[in-house]
Amino acid sequence: MVLTGKQKRYLRSKAHHIDPIFQIGKSGINSNMITQLDETLEKRELIKIHILQNNLDDKQELANELSVQTNSHLVQLIGSMIVLYRESKESKQIELP
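So for the sequence shown, my numbering puts the first residue at 34; every next one is plus one.
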């Protein structure tokens, strides 16, 4: 499934009011973080991740890698914030337009 522009706009508006749950520091992404992201995406469907200033990796590459490894959709990368969405199998909360 690919998100349409209308769906991405809707998800961005939902994500505007939530706080970042995870931070990516200078150590980058590890398997423990991916596991935690998977669990959180299953519970919340929409999450925000903050990239700290001490991380020197390319932000777009980090966002794409997180999206691929968690099997989620990259909704937005703006500044140092990543917004990811994945439809929950058990606790569906967000109805896409």
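We put the CB at the ideal spot given by N, CA and C, even for glycine.
In three-state terms, what does DSSP make of residue i?
| i | result |
| --- | --- |
| Leu110 | strand |
| Leu36 | coil |
| Leu129 | coil |
| Leu95 | helix |
| Leu44 | helix |
Look at the alpha carbon of residue i and the alpha carbon of residue j, and state the distance between them as a whole number of angstroms.
| i | j | result |
| --- | --- | --- |
| Gln86 | Met66 | 18 Å |
| Leu107 | Lys41 | 9 Å |
| Lys92 | Lys81 | 14 Å |
Mind checking whether residue i and residue j have CB atoms under 9 Å apart?
| i | j | result |
| --- | --- | --- |
| Ile84 | Gln56 | yes |
| Asn88 | Leu99 | no |
| Leu79 | Tyr118 | yes |
### Query
Residue ranges of each alpha helix (DSSP H) run of no fewer than 4 residues wholly in the stretch 55-84, ordered along the chain?
64-77
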